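Residues -18 to -1, 1 to 136 in mature numbering (1 follows the signal peptide of the UniProt record, and there is no 0) are what the sequence shown spells out, letter by letter.
Worksheet: one structure, shown below.
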Amino acid sequence: MRVLLSAVAFVAAHHAQAADDCSFVKKVALPARQQTIVVSSGVLEPCSTGSYAVRVYSTANTAPGFDTDDYVSGALHARDGTVTDAFVADLGARAPHALIVTTRSAGSGGYVGAQAYLTTTRAVTLVASVDGLAPDADVAAALRRALGARRGTH
């Protein structure tokens, strides 16, 4: 009987950990690059801090409906807050098809952060990052400014 109760407690504890309400998973298509990108927050991490993953898949040689079969590359990024969105935006000539990942802090200010990534056929690279933005900030504009400032330092 004790073994059965222990088994039930073990299963219940693991089920409760996996059932958080702040997890994030989103698939973003980049048809011009023949890629699908999956962004997901860290499994079993706290809502307010942790990491997220960016995984890139090639769709060049896959059948419809199998857009996550051919893994190409990925990146992990620390987060301070909850991942709120992932989308593609034009950040100018240096980043016309950038993947943008946004986060919102758990604190009372609800500050926003964002990272911009570029993909190639073999890699994903972080090209700009901004933090501490107002909740209603234009993250694409802030990332464009960050890219411009970065270019000016080289």
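Glycine included, every Cβ here is placed at the ideal spot set by N, Cα and C.
Bear in mind the structure is a predicted one, so any value in this text is a computation, not a measurement.
Length of the line joining the Cα atoms of residue i and residue j
i, j, result
"residue 86", "residue 35", "16 Å"
"residue 127", "residue 41", "32 Å"
"residue 84", "residue 12", "18 Å"
"residue 38", "residue 107", "11 Å"
"residue -7", "residue 26", "Bear in mind that a pLDDT of 40 at residue -7, under 50, signals an unreliable position, so the model cannot answer this."
"residue 61", "residue 45", "34 Å"
"residue 72", "residue 95", "18 Å"
"residue 80", "residue 122", "10 Å"
"residue 119", "residue 112", "11 Å"
"residue 29", "residue 23", "9 Å"
Coarse secondary structure for residue i, derived from DSSP in three states
i, result
"residue 125", "helix"
"residue 114", "strand"
"residue -13", "Unreliable positioning characterises residue -13 in this predicted model, as indicated by a pLDDT of 48, which lies under 50. The coordinate reading is nonetheless provided below. DSSP places residue -13 in helix when its eight states are reduced to three."
"residue 95", "strand"
"residue 130", "helix"
"residue -1", "Bear in mind that the predicted position of residue -1 carries a pLDDT of just 44, short of 50, making it unreliable; the figure below should be weighed with that in mind. Residue state, collapsed to three classes: helix."
"residue 76", "coil"
"residue 120", "coil"
Bridge partners - residue i, DSSP secondary structure assignment
i, result
"residue 22", "7, 35"
"residue 100", "107"
"residue 48", "Residue 48 pairs with nothing; no bridge assigned."
"residue 84", "67, 96"
"residue 56", "37"
"residue 138", "Shown here, the chain extends from -18 to 136; a query on residue 138 therefore has no answer."
Contact between the segment 64 to 79 and the segment 46 to 53 (3+ Cβ pairs under 8 Å)
Below 8 Å, too few C-beta pairs join the segment 64 to 79 and the segment 46 to 53 to call them touching: fewer than three.
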